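K.L.:
Here's a structure for you.
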Amino acid sequence: MDQEKAEALFDAAFRVLRMMARQFARDRAPWHITPTQYHILYLIRDRRTLTLMDMAKHLQVSAPTATRAVDALVQKGLLCKERDPQDRRLVWLRLSDEGIRLLSLERAEHVKFLAQEADAKLSADEQDQLIALLNKLIPPASTEKQ
Numbered sequence: 005m006d007q008e009k010a011e012a013l014f015d016a017a018f019r020v021l022r023m024m025a026r027q028f029a030r031d032r033a034p035w036h037i038t039p040t041q042y043h044i045l046y047l048i049r050d051r052r053t054l055t056l057m058d059m060a061k062h063l064q065v066s067a068p069t070a071t072r073a074v075d076a077l078v079q080k081g082l083l084c085k086e087r088d089p090q091d092r093r094l095v096w097l098r099l100s101d102e103g104i105r106l107l108s109l110e111r112a113e114h115v116k117f118l119a120q121e122a123d124a125k126l127s128a129d130e131q132d133q134l135i136a137l138l139n140k141l142i143p144p145a146s147t148e149k150q
């Protein structure tokens, strides 16, 4: 790909991501959660449970920073912390029922938004092509569903 095409691709992807970020922020507003907290909920949803230390490593933040974000989610009733019965030093994180409900509602809103945008601007064939092309850009070893 030449430089001009690469820049056009970057600009288009950036504008789409910015549009989605604005919409996601509006969807998240009633819950008063930060993008980092939202990311934590999605990570735990995909992995079922996660330790606090693994969460900090994944987010590439210090343990105290991860702890503050997690504690805020626990306080909002979206996340549960449980000590490992075999190793009391380990703290496992899991979604609460309310956290599961929030992610279900949020995902439905995100999907609805993207479907409306795609239906208004792309034919059915173009939608299929876009999905296939975006999936080609995802590395095969990618473990993150987001």
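Numbering of the sequence shown is given in our numbering, commencing with residue 5 and proceeding in unit increments. Using N, Cα and C, we set each Cβ at its ideal position, and we do this for glycine too. Given the structure is predicted, the values throughout are model-derived calculations rather than measurements.
#1: If you measure between the beta carbons of Leu126 and Leu134, is that distance less than 8 Å?
#2: Just list the residues that DSSP pairs Leu54 with in beta bridges.
#3: Going along the chain, which residues of its own chain have a beta-carbon closer than 6 Å to the beta-carbon of Thr40, five neighbours each way excluded?
#4: DSSP beta-bridge partners for Arg87?
#5: Between the stretch 22 to 32 and the stretch 73 to 84, can you find at least three pairs of beta-carbon atoms closer than 8 Å?
#6: Restricting to Cα atoms, I'd like to know which of Asp31, Arg19, Ala17 is closest to Thr111.
#7: Take Arg93 as the anchor and find which of Ser66, Gly103, Lys116, Thr55 has the nearest alpha-carbon.
#8: What whole-angstrom Cβ distance do Leu107 and Arg49 have, given they're in contact under 8 Å?
#9: In terms of residue numbering, what span does the alpha helix (DSSP H) encompassing Leu82 cover?
#10: Would you kindly work out how many angstroms separate the C-alpha atoms of Val78 and Gln64, rounded to a whole number?
#11: Taking Cβ to Cβ, would you say Leu47 is nearer than 8 Å to Met57?
#12: Assuming contact is defined by CB atoms lying nearer than 8 Å, are Leu2 and Leu99 in contact in what I supplied?
P.N.:
Short version:
#1: Contact check for Leu126 against Leu134 passes: the beta carbons are separated by less than 8 Å.
#2: Here Leu54 is bridged, per DSSP, to Leu97.
#3: Excluding positions up to five away in sequence, the list reads Ala73.
#4: Arg87 is bridged to Val95.
#5: Verdict: no, contact absent.
#6: According to the sequence shown, residue 111 is Arg rather than Thr. Looking at the Cα atoms, Asp31 is the closest of the given residues.
#7: Cα-wise, what sits closest to Arg93 is Thr55.
#8: 5 Å between Cβ atoms; contact.
#9: First-last for Leu82: undefined, no H or E at that position.
#10: Cα-Cα distance, rounded: 20 Å.
#11: Taking a C-beta distance under 8 Å as the contact criterion, Leu47 and Met57 do not qualify as a contact pair.
#12: Coverage of the chain is limited to positions 5 through 150, which leaves residue 2 absent and any answer about it impossible.
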